[in-house]
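Trainee: The structure under discussion is supplied below as structure tokens; questions concerning it will follow.
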Amino acid sequence: MKLFPHGHATHPQWGMAAGLVLAQLRALMAQPEYASAPTLGLVYITDAYSAHAGEILDHLSAELPEVTDWSGTVGVGVSANNAEYMDEPALSVMLCELPSDQYRVFSGVAPLSANLGFEPFTALVHADAQTPDLAELIAEFALTTETGYLFGGLASSRTQAVQFAVGGNGNVRGQGAASGVFSGGLSGVAFGSGVPLISRVTQGCQPVAPERVITEVDGNLLLTLDGEPALDVLLRDLGINLDQPREALEVVRRTLVGLSHPGEDAVRRTGNFGADVVVRHIIGLDPARRGVAIAERPSVGQRAAFCQRNVEAARADLVRICAEIREELEPEELTQTAAQALVDSYQDSAPHPARRIAGAIYVSCVGRGGPHFGHPSAELQIVRRALGDVPLVGFFAGGEIARNHIYGYTGVLTVFASTD
């Protein structure tokens, strides 16, 4: 599998940005190490271009007629190799060369169930946060794949939350005359077992208190943890009291709750959250019932740990998942030549066949990125230093999708592994 051509640009006029991206794509497609006949395009735009989503898709499709399938969505920011574009008009595109029988584009008007004979192994999913019962819908969709593993995120936009889904000769089978630009529901790309993917979740929060068992709930209200009133536990864990309400509420506003089920990857030995923990906001306190209201409906028996966002923990965890991906891709035993090539590629961040990454998709929370990591593009620079100069696209989401969960304050990094 050759490297996937990719391009990204910012400009007040979408046509100029698209022209810059197309020039980058064509230049890479002409290089021998890059795919010359891609058929699947992944396109991510910032919300400054939302009103022009249809025009952008039509333009890209017309200029790249060999690319018959498109998928993507909108974010308040988009990402590329070593760069992020936040709060500015931009787009990021990657063209994938995959066997035609190993992927299917789907959407609400052309569901995956319409593709008889295709067995999804995993799927890239874009979703609208306003979709009713979205968490349940994603969990159900995961069951339709062989692995039960989804990756992707929720569109984020201050205007219209659009999604792209086009397949075949301009339209996904079954969608009739639909334009390929949608709002609401789910869309994305399902991949067969012949497309090797490696995906990891990186957390952005760190527990500030021990993990406890949820022993009583009422809807979204945590009533007791380990048999104690949840509010009493929260106040003790944070070292605050309601006699000083202003100071106490300031600390509570910075605090979230990490939820997990028994037996899941919860808190690691390093003190950081594991991949199975989903983080939710504290949305209120109930002094009368000594409860803590959270943006979730937890169940008795789940684990809960109060946590806060932590930049250093986020950096270390991002490096960790990149290292895990690298270790899974690289052979245990290397020849001296290959080993030296790997060392050289790490030093100059250039791609090398031994790295075996054809392309990558990175979906990060809107609350991360440069504003959280300290300076613009810092998060993407960490990925580049860890993985090398690999093709990458992605967006900043209103919620991240991994496995059958919707996460918050996380990053989901997925790479296409070359089989060559």
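105 is the number that the UniProt record's numbering gives to position 105 of the sequence shown; each next residue is one higher, with no gaps. Just so it is clear, CB atoms sit at the ideal spot from N, CA and C, and this is done for glycine as well.
Assuming Ala209 contacts Phe106 (C-beta within less than 8 Å), just tell me the rounded distance between them.
Mentor: Ala209 to Phe106, Cβ: 41 Å. No contact.
Trainee: Alpha carbon to alpha carbon, how far is Leu231 from Arg290? Give it in angstroms, no decimals.
Mentor: 5 Å
Trainee: What do you get for Gly399, buried or exposed, if any count of 16 or more other CB atoms within 10 angstroms of its CB means buried?
Mentor: buried
Trainee: Inspect the CB distances between the segment 179 to 194 and the segment 128 to 141 and report whether three or more fall short of 8 Å.
Mentor: yes
Trainee: What distance in whole Å lies between the Cβ atoms of Cys205 and Arg297, which are believed to be in contact at a cut-off of 8 Å?
Mentor: That belief does not hold up - the Cβ atoms of Arg297 and Cys205 are roughly 20 Å apart, past 8 Å.
Trainee: When the Cα atoms are used, what is the spatial distance from Leu150 to Ile401?
Mentor: 7 Å
Trainee: For the pair the segment 406 to 413 and the segment 277 to 287, tell me if three or more CB-CB distances fall below 8 Å.
Mentor: yes
Trainee: Can you tell me which of the three DSSP states Val208 falls into?
Mentor: When DSSP states are grouped into helix, strand and coil, Val208 belongs to the coil group.
Trainee: Exposed or buried, which one is Asp317 when buried takes at least 16 other CB atoms within 10 Å?
Mentor: Counting every other CB atom within 10 Å of its CB across the protein chains shown gives Asp317 a total of 16 or more, marking it as buried.
Trainee: What residues in its chain sit with their C-beta under 6 Å from that of Ser260, if we drop five residues either side in the sequence?
Mentor: Ala266, Asp276, Val277 and Arg303
Trainee: What residue range is occupied by the uninterrupted alpha helix (DSSP H) comprising Val319?
Mentor: In the DSSP assignment, Val319 falls within the alpha helix (DSSP H) that extends over Val311 to Leu329.
Trainee: If you drop the 5 nearest sequence neighbours on each side, which residues of the same chain put their C-beta closer than 6 Å to that of Ala9?
Mentor: Around Ala9: Ala17, Leu20 and Val21.
Trainee: Considering only residues of the same chain and omitting the five flanking positions on each side of Ser215, which have a CB-CB separation below 6 Å?
Mentor: Here the sequence assigns Thr to residue 215, which means Ser is not the residue at that position. So the qualifying residues of the chain are Thr224 and Gly227.
Trainee: Could one say the Cβ of Gly291 lies closer than 8 Å to chain D's Cβ atoms, at least one of them?
Mentor: In the structure shown, chain D cannot be found, because there is only a single protein chain.
Trainee: Would Val166 and Trp70 be called neighbours here (beta carbons separated by less than 8 Å)?
Mentor: In contact: Val166 and Trp70 (Cβ atoms closer than 8 Å).
Trainee: Using C-beta distances below 8 Å, list every residue in its chain close to Leu329, excluding the 5 sequence neighbours before and after it, in chain order.
Mentor: Ile198, Arg355, Arg356, Ile357, Val415 and Ala417
Trainee: Using alpha carbons as the reference points, say which of Ala51, Ala83 and Gly41 lies closest to Pro65.
Mentor: Gly41
Trainee: Using only CA atoms, which one of Leu98, Tyr362, Val366 and Leu221 lies nearest to Val300?
Mentor: Cα-wise, what sits closest to Val300 is Leu221.
Trainee: May I ask you to verify whether the segment 74 to 83 touches the segment 376 to 390, counting CB pairs closer than 8 Å and requiring at least 3?
Mentor: By the Cβ rule, the segment 74 to 83 counts as touching the segment 376 to 390, because three or more pairs are nearer than 8 Å.
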